[in-house]
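Participant:
Number of protein chains: 2
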Amino acid sequence: MNNLNKELHLTNRPVDMPTLEDFRIVEKSISELKENEVLVKTLYLSVDPYMRGRMSDAKSYIEPFQLNEKISGGAVGEVIESNSDNFKQGDIVAGMLGWSEYNVVNGHALNKINPELAPVTTSLGILGMPGLTAYFGLLDIGQPKEGETVVISGAAGAVGSIVGQIAKIKGAYVVGIAGSDDKTDYLMNELNFDKAINYKTTPNMKEALQEACPNGVDVYFENVGGEISDAVFTMLNKFARICVCGAISTYNLPSNEDIGPRIQRTLIKSSVLMKGFVVNDYAERWSEGIKQIAQWLNEGKLTYEETITEGFENIPDAFLGLFKGSNLGKQLVKIAEPTYAKL
Amino acid sequence: MNNLNKELHLTNRPVDMPTLEDFRIVEKSISELKENEVLVKTLYLSVDPYMRGRMSDAKSYIEPFQLNEKISGGAVGEVIESNSDNFKQGDIVAGMLGWSEYNVVNGHALNKINPELAPVTTSLGILGMPGLTAYFGLLDIGQPKEGETVVISGAAGAVGSIVGQIAKIKGAYVVGIAGSDDKTDYLMNELNFDKAINYKTTPNMKEALQEACPNGVDVYFENVGGEISDAVFTMLNKFARICVCGAISTYNLPSNEDIGPRIQRTLIKSSVLMKGFVVNDYAERWSEGIKQIAQWLNEGKLTYEETITEGFENIPDAFLGLFKGSNLGKQLVKIAEPTYAKL
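These protein sequence lines map, in sequence, to chains U and Y. For the first sequence, the UniProt record's numbering gives the first residue as 1, with consecutive numbering after it. For the second sequence, the UniProt record's numbering gives the first residue as 1, with consecutive numbering after it.
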């Protein structure tokens with residue numbers, strides 16, 4: 001094997017929508033393995049909206065990416081060489097990996113995956129961060145009760161599509177907001193949502209929501225922010241809960257341009273709870289979440305969709321596509337086939 | 001006694017700041033007492049910021065006032081005549097009464113007050129709605145822990161001044177925001193707040209908050225809304241809690257003019273909880289709250305201030321003064337001395 005290795009670097013901190021020019025592919029040599037280290041070949045990379053936040057250097061819940069260093073994120077790979085007793089050649093692993101074809105990683109930072117239990121990509125989706133985000137955000141904050149109305153923005157995305165299905169399992173009336181007819185068809189026909197609204201073709205979101213939610217809104221799972229959410233906020237019932245997971249429509253705005261109606265009077269009027277969260281807040285309960293999601297998956301109560309872009313050079317495209325709504329379900333990038341393992 | 005009685009009517013629904021022209025004093029005759037009814041002479045009326053909401057006809061948690069009918073609110077009165085077995089002449093009572101010199105009320109809508117336990121006005125303040133609002137909002141939503149930083153806007157008002165004292169009892173570091181040097185002096189010298197900021201004379205709220213809150217903000221008790229709160233929101237620590245009690249600075253704005261930074265990214269960044277509430281949400285626990293507040297009052301751990309305006313014709317002035325920050329502590333209007341009771 002060639003000792004050179006492609007890495008994807010961030011070269012600028014975008015102030016609004018990132019462009020391909022903010023990224024650069026760099027060839028670097030792979031370092032020698034030290035004790036406990038493992039050489040991992042990247043198979044699948046996850047691109048996620050939260051990474052946009054790490055491209056700015058504002059203080060947040062997670063450190064900014066360094067300029068002219070490789071970006072990193074959730075990934076699935078194959079062990080090529082191992083100096084760790086816990087891993088051997090051909091093992092499939094998941095962890096936070098650099099955006100490069102190969103990574104040298106301490107074994108402690110990797111989790112072994114059994115490819116016979118589920119497709120390995122699910123560890124980046126329904127059995128990984130997006131699944132847990134949906135599970136804890138909806139059930140811990142939203143707490144939907146039978147017959148209540150749950151509205152989800154970004155409903156056809158990696159998180160939203162799982163939120164809606166869990167809400168259905170809990171007996172709620174589920175309304176999804178998404179950005180294409182393909183997506184709303186998917187929500188209605190594949191995921192059995194009760195109503196789906198294409199916000200791009202709906203002339204008046206307030207009216208569409210009033211029609212779709214005759215009993216108002218008890219739980220709002222927030223993925224997009226902006227004017228769509230402003231419209232949902234006019235529909236909240238007494239003691240409604242808002243699970244604030246993301247605000248993707250605003251991530252490319254400087255924070256002083258994300259301007260809209262202030263929320264206080266809305267929260268007072270209906271005694272509404274609004275709670276921001278990240279999946280790490282629930283780290284101590286992840287195994288509970290994974291176990292429950294896996295059980296629902298095995299029982300056929302949950303399904304999932306993946307959008308897989310192929311090729312290392314297409315990572316920026318796949319990432320930028322998140323902000324255009326190009327993905328249905330979880331957006332992944334397939335980097336390579338495994339060398340030793342069979343998937 | 002003359003059978004004519006002054007009533008204060010709302011004659012217009014104000015769209016921005018109400019004016020004296022939105023109110024009118026009308027003379028009406030007092031109706032005959034039916035079974036269980038009581039004739040109550042008004043002694044003290046409470047004027048409260050939430051009443052501004054009832055002057056508009058927008059859907060809210062409480063019904064709008066009717067035009068050309070008397071306004072109503074919390075009040076203390078004296079029983080003049082009684083057809084109820086529960087009340088006799090000279091009893092002091094509290095309840096929701098019309099803004100008139102006398103009211104005929106069903107006995108079930110009145111609570112008897114023992115004037116020997118505490119000044120009767122406290123049933124409209126620290127031992128009434130404002131005290132309970134402070135108690136439940138801070139302790140149920142804010143849950144301040146020892147050493148945490150609690151920031152309160154409208155800190156010298158009826159609710160805020162009690163919130164800060166309870167936060168001190170719980171061992172928090174307490175910072176109050178108020179609108180005059182008299183008020184900040186009161187917070188620092190009488191209520192032992194740790195810091196107080198006069199927002200009217202502070203050139204830069206963000207800098208003032210950074211200086212006053214070196215450890216960030218763990219609990220924000222929101223009474224005012226608007227730009228002051230926008231500044232506090234930049235200071236929130238991980239897992240901060242925002243008790244959304246009021247937004248008085250915005251009550252005279254049409255809702256589409258209460259515009260500012262959207263809150264979602266702030267809530268996500270630090271996993272913040274934000275909860276609107278009204279005191280009625282805690283109706284089942286009021287007796288617990290009253291008991292605890294009364295105990296702290298008896299132990300000298302709580303104190304309170306009242307601003308008392310005299311005269312029926314000055315009710316609108318006292319109400320409008322709330323929006324100018326004229327009051328220190330609870331704003332009341334004294335309507336009359338009792339006829340039979342001694343206070």
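The beta-carbon is built from N, C-alpha and C at its ideal position, and this holds for glycine as well.
Between the alpha carbons of I141/U and I162/U, how many angstroms are there, rounded?
Facilitator: Near 15 Å, if we compare the C-alpha coordinates of I162/U and I141/U.
Participant: Count Cβ pairs between the region 22-37 of chain U and the region 230-248 of chain Y that sit closer than 8 Å; are there 3 or more?
Facilitator: No, because fewer than three Cβ pairs between the region 22-37 of chain U and the region 230-248 of chain Y fall closer than 8 Å, the two stretches do not touch.
Participant: Answer yes or no: does any C-beta atom of chain U fall closer than 7 Å to that of V272/Y?
Facilitator: True, the Cβ-Cβ gap to chain U drops below 7 Å.
Participant: Please tell me whether residue 347/Y and I62/Y are closer than 7 Å, where the distance is taken between their beta carbons.
Facilitator: Since the first residue shown for chain Y is 1 and the last is 343, residue 347/Y is missing from the structure and cannot be characterised.
Participant: Using a Cβ-Cβ cutoff of 9 Å, what residues of the region 54-77 of chain U are near chain Y? List them in chain order.
Facilitator: Listed by position, the residues of the region 54-77 of chain U near chain Y (Cβ gap below 9 Å) are A58, K59, S60, Y61.
Participant: Counting only beta-carbon separations shorter than 7 Å, does Q210/Y have a partner in chain U?
Facilitator: It does not: the Cβ of Q210/Y has no partner Cβ on chain U nearer than 7 Å.
Participant: Determine the chain U residues that contact A247/Y at a beta-carbon separation under 8 Å, and present them in chain order.
Facilitator: Within 8 Å Cβ-Cβ: R262, Q264, R265, I268.
Participant: Look up R54/U in the DSSP assignment and say whether it is helix, strand or coil.
Facilitator: It is helical.
Participant: Would you mind giving the Cβ-Cβ distance between E222/U and G246/U, rounded to the nearest angstrom? I have them listed as a contact below 8 Å.
Facilitator: Their Cβ separation, rounded to whole angstroms, is 7 Å, which keeps E222/U and G246/U in contact under 8 Å.
Participant: Using a C-beta to C-beta distance shorter than 8 Å, which residues of chain Y count as neighbours of N256/U?
Facilitator: The answer, in chain order, is P261.
Participant: Counting only Cβ-Cβ distances shorter than 8 Å, please list the residues of the region 279-303 of chain U near chain Y, keeping chain order.
Facilitator: Result list: D281.
Participant: Could you tell me the alpha carbon to alpha carbon distance between K145/U and K170/U, rounded to whole angstroms?
Facilitator: Cα to Cα, K145/U sits roughly 7 Å from K170/U.
Participant: Along chain Y, which residues have their Cβ under 9 Å away from the Cβ of G225/U?
Facilitator: By Cβ distance, chain Y contributes R262, Q264, R265.
Participant: In whole angstroms, give me the CA-to-CA distance for E12/U and C213/U.
Facilitator: For clarity, residue 12/U is Asn in the given sequence; the question names Glu instead. Roughly 43 Å separates the two Cα atoms.
Participant: Could you tell me the alpha carbon to alpha carbon distance between A158/U and Y44/Y, rounded to whole angstroms?
Facilitator: Roughly 59 Å between the two C-alpha positions.
Participant: From Q210/U to P49/Y, what distance separates their C-alpha atoms?
Facilitator: Approximately 30 Å, taken between the alpha carbons.
Participant: Can you list, in chain order, the residues of its chain with a C-beta nearer than 7 Å to that of A318/Y? Leave out the 5 residues immediately preceding and following it.
Facilitator: Hits under 7 Å: V47, T309, Q331, V333.
Participant: Measuring from the CB of K275/U, is there a heavy atom of the ligand MN at a distance below 6 Å?
Facilitator: Absence of the ligand MN from the depicted structure is noted, as is the absence of any ligand whatsoever, leaving it without description.
Participant: Please say whether W99/Y and I80/Y have beta carbons closer to each other than 7 Å?
Facilitator: Contact: no.
Participant: Can you tell which of S326/U, A196/U, L8/U, E101/U has its C-alpha closest to the C-alpha of E69/U?
Facilitator: The candidate whose alpha carbon is nearest that of E69/U is L8/U.
Participant: In whole angstroms, give me the CA-to-CA distance for residue 364/U and N106/U.
Facilitator: Nothing about residue 364/U can be read from this structure; chain U reaches only from 1 to 343.
Participant: Does the Cβ-Cβ distance between D57/U and N252/U come in under 7 Å?
Facilitator: No, these two residues do not count as a Cβ contact at 7 Å.
Participant: Hey, could you find the ends of the alpha helix (DSSP H) K324/U is sitting in?
Facilitator: Start and end: 315-324.
Participant: Look at the alpha carbon of G53/Y and the alpha carbon of P14/Y, and state the distance between them as a whole number of angstroms.
Facilitator: Cα-Cα distance, rounded: 10 Å.
Participant: Using a 10 Å radius around the Cβ and a threshold of 16 neighbouring Cβ atoms, would you call K195/U buried or exposed?
Facilitator: K195/U should be labelled buried.
Participant: Taking 7 Å as the CB-CB cut-off, is V244/U touching chain Y?
Facilitator: Yes, contact with chain Y.
Participant: Starting from G276/U, find everything on chain Y with Cβ-Cβ shorter than 9 Å and list it in chain order.
Facilitator: In chain order: I263, Q264, R265, T266, L267, I268, K269, S270, S271, V272, L273, M274.
Participant: To the nearest angstrom, how far is it from the Cα of A167/U to the Cα of E299/U?
Facilitator: Taking the straight line joining both Cα atoms gives about 16 Å.
Participant: Pull up the distance between the alpha-carbon of S270/Y and that of F277/U, whole angstroms please.
Facilitator: Roughly 7 Å between the two C-alpha positions.
Participant: Which residue's Cα is closest to the Cα of L10/U: L33/U, S29/U, T42/U, M51/U?
Facilitator: Residue M51/U is the option with its Cα nearest to L10/U.
Participant: With distances taken between CB atoms, is the gap from T133/U to D218/U smaller than 7 Å?
Facilitator: No, they are not a contact pair.
Participant: If you drop the 5 nearest sequence neighbours on each side, which residues of the same chain put their C-beta closer than 6 Å to that of G260/U?
Facilitator: So the list reads D230, once near-sequence residues are dropped.
Participant: Secondary structure at N192/Y, three-state DSSP: helix, strand or coil?
Facilitator: N192/Y falls in the coil class under three-state DSSP.
Participant: Give me the DSSP bridge partner(s) of H9/U.
Facilitator: R24/U, K70/U.
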